[in-house]
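Just so we're aligned, residue 1 is where the sequence shown starts under full-length UniProt numbering, counting upward by one. For reference, the structure is listed below as structure tokens.
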Amino acid sequence: MIAPRMRRPLLRALVACVLVLSGAAAPVVSSQADTGASGSAVTVSGTGEFADLKVSVDQTGNLVNQVVKVTWKGGKPTADDTKYPADYLQIMQCWGDDAKGPSPEQCQFGGSADGGTGGGAGAWTNTRQLSYGNLKDPAQTLPPPPEHSTLSFMPFRSVTGERLNTGNTNVYFDSNTTNEVPYARTGPNGTGEVYFEVQTASEAPGLGCGEVPKGRTSARSCWLVVVPRGETEVDGTSYRSHTDGVLQSSPLSATNWKQRIVVPLRFERTGTFCPIGADERPTLGTEIVGEAVRRWQPTLCQTGGKTIYGYAQVTDDTARAKLVSGKPGMIFVNRAATADQVPSDQKPVYAPVTLSGLTIGFFIESRAKSDAPDPVQEANGSRLDSLNLTPRLVAKLLTESYQDGNSRFAESTAKNPYNLGYDPEFVKYNPKYADLVFPGYLGDAIVAQPLADATWQLWEWIDKDPAAREFLDGTPDNEGSHGDPSFSGMTVNPHYKDMDLPQSSFPKSDPYCQEFTELPDHPNQPPLCIQDKHPYAADLHAAARAVARGETLSRGNWDPTTKPPAYKKDPPLAAGKRAILAVTDTATALRYGLVTASLQNASGAFVAPTDASLLAGEKAMKPSGVAGVMVADPRAAAKGAYPLTLLSYAATVPEKLSKQEGRDYAALLRYAVGKGQAPGVTSGTLPDGYAPLPASLREQTESAADAIASRSGPSAPEEEEEEASDGSGGGTGGGGGQTVVPPPASTPPPSASPSTQASTSPPVPVAAEGPLSRTPEWVLGAVRYVLLIALVAGLVAAVCGPLLPRVAPRLAAGIQTWRAKGTAGREPRG
1 MIAPRMRRPL LRALVACVLV LSGAAAPVVS SQADTGASGS AVTVSGTGEF ADLKVSVDQT
61 GNLVNQVVKV TWKGGKPTAD DTKYPADYLQ IMQCWGDDAK GPSPEQCQFG GSADGGTGGG
121 AGAWTNTRQL SYGNLKDPAQ TLPPPPEHST LSFMPFRSVT GERLNTGNTN VYFDSNTTNE
181 VPYARTGPNG TGEVYFEVQT ASEAPGLGCG EVPKGRTSAR SCWLVVVPRG ETEVDGTSYR
241 SHTDGVLQSS PLSATNWKQR IVVPLRFERT GTFCPIGADE RPTLGTEIVG EAVRRWQPTL
301 CQTGGKTIYG YAQVTDDTAR AKLVSGKPGM IFVNRAATAD QVPSDQKPVY APVTLSGLTI
361 GFFIESRAKS DAPDPVQEAN GSRLDSLNLT PRLVAKLLTE SYQDGNSRFA ESTAKNPYNL
421 GYDPEFVKYN PKYADLVFPG YLGDAIVAQP LADATWQLWE WIDKDPAARE FLDGTPDNEG
481 SHGDPSFSGM TVNPHYKDMD LPQSSFPKSD PYCQEFTELP DHPNQPPLCI QDKHPYAADL
541 HAAARAVARG ETLSRGNWDP TTKPPAYKKD PPLAAGKRAI LAVTDTATAL RYGLVTASLQ
601 NASGAFVAPT DASLLAGEKA MKPSGVAGVM VADPRAAAKG AYPLTLLSYA ATVPEKLSKQ
661 EGRDYAALLR YAVGKGQAPG VTSGTLPDGY APLPASLREQ TESAADAIAS RSGPSAPEEE
721 EEEASDGSGG GTGGGGGQTV VPPPASTPPP SASPSTQAST SPPVPVAAEG PLSRTPEWVL
781 GAVRYVLLIA LVAGLVAAVC GPLLPRVAPR LAAGIQTWRA KGTAGREPRG
């Protein structure tokens, strides 16, 4: 039994320790491989008839659940520009401890067959099936068929030792979870590229990548396997000799498998590694800092001695409520709490920690119109690398104003273009799209549901643009002072007309539902409404990952066979037909290999989010009305400034911390603006998508760290700290109003004008508990959900209970009852 006095420290340690740590030394790479200049990039050559093929992977070490870029040259062009009859690559992720690589049983492949993505290719090319009718592979010994079947399949053997002979899918992967790329096109010049999602044990438990096997200390490596397909079938015949003129066999078939190219993948370690019993210092707040904080956590845990740092992703509103609750811990926000929200005895300190941006990330593959020129036709299936968006175009996407962003049956948008591709305004700024078509897609962008300061900033950028504001007020895009006679005359969805901006959410206001009562083939099928056809993502991370996987998140697949019958999630879009947008942050977009749109700033320039444009965006910021805190200026005319630059702050109230808490949080800040600002892919570094903070902001944070350490109260008694549900000590409160550490001389002097504050800071309802966003996986196990809920439940009790007595008395009563009973980890009902 664990002694009662030890249970809470152990729970704290478990919450904070579900992190990652760098794996052990790289596995031996075969003599075919050359290590790239990055130290992690690898190029491997094919053999036999594919000896001229060279496949490169841009990152093979320090991997988490992310996207890596796979490129190749020396291939034979795919035989068709829209289908996959022959000459293409098939790519998958596998596990296996043999230094020579995995067996086909150890590979995650065949799940896409469940989603029907074999269109334009042979019947068994995206499956695990090994029996092909009259076509025989002389090198393949057929495994016995599964129960109740006469067909033979390659069994899947999981890392746990299970050998499953269940066909194409099993309990470990299906069409919605597999990361396989069944068809990768080679262009006319013999080159190609794919952005491949590598999965850890959290996303692919059957592979176990990043786990530490029993008896070992290093993380499990895995494999990227590429099977090149030529023009010859497993029996030696040409693909042209078959009736439908396509290759038919699976890449897992012995003759095809013999041609495989393997690349070792080294993962960051999953699981726990922090010292059990160490003090945990909780932090929580905006998702915008999440990628950086989770990258810093492992290093802080290993070098911080007796202290580890937890992190829970919650809304900015919830974080600000925690800040002024009397037990602030440390929170992360993009905007400061307003003066009327801060009690008179509290003096919050704000410290800049990350510089990034909000972006429209996209995955669009070229699809030529039937009458497009030959060069456009030849580029079919290739990934597009640019997208220019004005505030008005983004407003059209976010207000369900295109037919494909709403429904082609909805009267509210019946006179508007189908999607971006049919909008003359879009084509004017993106001429390379003039000969392309995207039926059914590019009518909206996937957006996150939780409230966020970043969302407020996006809407403010739209609201302050004259052309966008005219459109939202009902003026057609070819009329008014900012119209263009050549545009379509498109109008805003009337359910969004005169929309009050800015705001912290993405409303879905059109109530249209498609009815099926008059269709005899759909008996008893309920209406398909916008929330199913265009649902929210759980958070920015989920939105970006969905786009990278080719998922729209739409739940429009009616399944009458389930009990009860229901709409199911649509499978990922087929290769060559992907066209999806999402609102996400720059770091998450790059983690998942998305291309980021160039947005038009107030000078009229289209600017992509780069280190230089983010730094220019920070320089163009204006005082928020809270000393030391800056906010974006949507009308800043700096030509090179990215308009949706986000400067994120850490904040606390030192007088409400114990002395040790003050020291620990100060150490976190010093690391964040010290070694934590060095770009890299290893633990402790700054991920891509964040620009290193300029010297003036680092100095401001160093000053804030000094203030937190010096102003924090005396050490709290051990028993008091044991009973604190969030790990915060008491401390002595100071008098006076809200204060922060003065910025260095190089920072523009802040304005304390109340009117300025009201105009630049979003209203923050102190009593509001925003939806909890799912923390993006840094190779965490399924237990992360339980632990995160347990932590946030404690925060709800500690923060929202005291803050909601008038707004939600039943919730407060439920919290008090829940705390009295000690039912940690379960949300109270009330």
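By construction, the Cβ of each residue, glycine as well, lies at the ideal position given by its N, Cα and C atoms. A quick note: this is a predicted structure, and the numbers were derived from the prediction, not measured.
Give me, in chain order, the residues of the same chain whose beta-carbon lies closer than 6 Å to that of K76; leave out the 5 immediate sequence neighbours on both sides. D87
Since I believe V349 is in contact with A704 (beta carbons under 8 Å), could you give me their beta-carbon distance rounded to a whole number of angstroms? 5 Å
Taking C-alpha atoms, which residue in A620, F606, H541, F409 lies nearest to Q514? F409
Suppose the cutoff is 7 Å on Cβ atoms and the five residues either side in sequence are ignored; what does the same chain contact list for G210 look like? T200, A201, A219, R220, F267, E268, R269, T270, V779
Can you have a look at Q457 and say buried or exposed, based on whether 16 or more other CB atoms are within 10 angstroms of its CB? buried
Check each candidate in F438, A467, T283, L540 and name the one with the smallest Cα separation from I446. L540
Determine the direct distance from the alpha carbon of M630 to that of D706, and round the result to whole angstroms. 21 Å
Within the stretch 63 to 88, note down every full beta strand (DSSP E) run reaching 3 residues or more, in order along the chain. 66 to 73
Taking one C-beta from the stretch 164 to 177 and one from the stretch 138 to 156 each time, how about it: are there three or more such pairs within less than 8 Å? yes
Identified DSSP bridge partners for P228: L89
For chain B, check one thing: does any of its Cβ atoms lie closer than 8 Å to the Cβ of A678? Of the chains in the structure shown, none is chain B; there is only one protein chain.
Sub-8 Å separation of P694 and L615 beta-carbons: yes
Paired residues, beta bridge with M330 - DSSP: T283
Taking only three categories from DSSP, how would you classify G662? helix
Buried or exposed: which applies to A538, given that a residue is buried once 16 or more other Cβ atoms fall within 10 Å of its Cβ? buried
What are the residues that DSSP puts in a beta bridge with R335? Answer is none; R335 lacks a bridge partner.
Contact check, R591 vs I364, beta carbons under 8 Å: no
Name the residue from A292, D97, P527 whose alpha carbon lies nearest to the alpha carbon of P213. D97
Is it buried or exposed for V342, if we count other Cβ within 10 angstroms and need 16 for buried? buried
Go to W95, then tell me how far its beta strand (DSSP E) extends in each direction, as first and last residue. It is not in any beta strand (DSSP E) - W95 carries neither H nor E in the DSSP assignment.
Can you list, in chain order, the residues of its chain with a C-beta nearer than 7 Å to that of T232? Leave out the 5 residues immediately preceding and following it. S238
When we look at the beta-carbon of R240 and count the other beta-carbons within 10 Å, is it buried (16 or more) or exposed? exposed
Have a look at V289 and T186 and give me their C-alpha separation to the nearest angstrom. 38 Å
Determine, using beta-carbon pairs with one atom in the stretch 474 to 485 and one in the stretch 365 to 377, whether at least three such pairs fall under 8 Å. no
Between the C-alpha atoms of C107 and G190, what's the straight-line distance to the nearest angstrom? 27 Å
Distance CB(W296)-CB(A546) smaller than 8 Å: no
So P146 and Y172 are in contact, right, with Cβ under 8 Å, and what is the actual spacing, rounded? Actually they are not in contact, since the Cβ atoms of P146 and Y172 sit about 15 Å apart, beyond 8 Å.
Kindly indicate which three-state DSSP category L300 falls into: helix, strand or coil? helix
For G215, which of helix, strand or coil comes out of DSSP? coil
Taking buried to mean at least 16 other C-beta atoms within 10 Å of its own C-beta, is H148 buried or exposed? exposed
Using the Cα positions of L252 and L697, report the straight-line distance between them to the nearest angstrom. 54 Å
Excluding the 5 residues flanking S131 on each side, which residues of the same chain have their C-beta closer than 7 Å to its C-beta? L142, L151, S152
Excluding the five sequence neighbours on either side, which residues of its own chain have a C-beta within less than 7 Å of the C-beta of V376, listed in chain order? A368, D435
Report back the beta-carbon spacing between L300 and T125 to the nearest angstrom; my notes put them in contact at under 8 Å. Contact flag wrong, Cβ pair sits at about 47 Å.
As an exercise, report each continuous alpha helix (DSSP H) stretch of at least 4 residues that is fully enclosed by the stretch 440 to 483, in chain order. 453 to 463, 466 to 472
Can you round the beta-carbon distance between Q346 and V314 to whole angstroms, since I take them to be within the 8 Å contact cut? Rounded, the Cβ-Cβ distance is 20 Å, inconsistent with contact.
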